[in-house]
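What follows is a set of notes on a single structure, which appears directly below.
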């Protein structure tokens, strides 16, 4: 009786296992499903790598934009200083030029006056000699 019950129990269990095995997909299908899962795991790793790389790239872009912003501010400050220096130098050059022009005018006026004086002296001398020549 015991062995008959054991045999029936074992037989029932074997039947259940047979049904489960029969219901299971064929090995090729299981192999294909495993390969797909491996492919999806590989793709998921790649997506994670791309996501990490994208985040790093976005961080670098933010850093570059910040640097460019600072460079722009530095450049604008440099341009402002250059314009200020140029304006100052132009004013200084204009002042020096005006002073030199004034000096040149003054020197010219003095030279003209000296020439007039010399001409006047020459004319007087000529006149005196003419008078002396006429008297003699």
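Residue numbers (our numbering): 356 to 491. Glycine included, each C-beta is placed from N, C-alpha and C at the ideal position.
Asked                                                                                : Found
Three-way DSSP call (helix, strand, coil) for residue 492 in this model              : In the structure as shown, the chain starts at 356 and stops at 491, and residue 492 therefore has no counterpart that could be examined.
For residue 439, three-class secondary structure by DSSP                             : helix
DSSP-derived helix/strand/coil call for residue 366                                  : helix
Assigned secondary structure, residue 491 (DSSP; H/G/I helix, E/B strand, else coil) : coil
Separation of residue 390 from residue 383, as counted between CA atoms              : 10 Å
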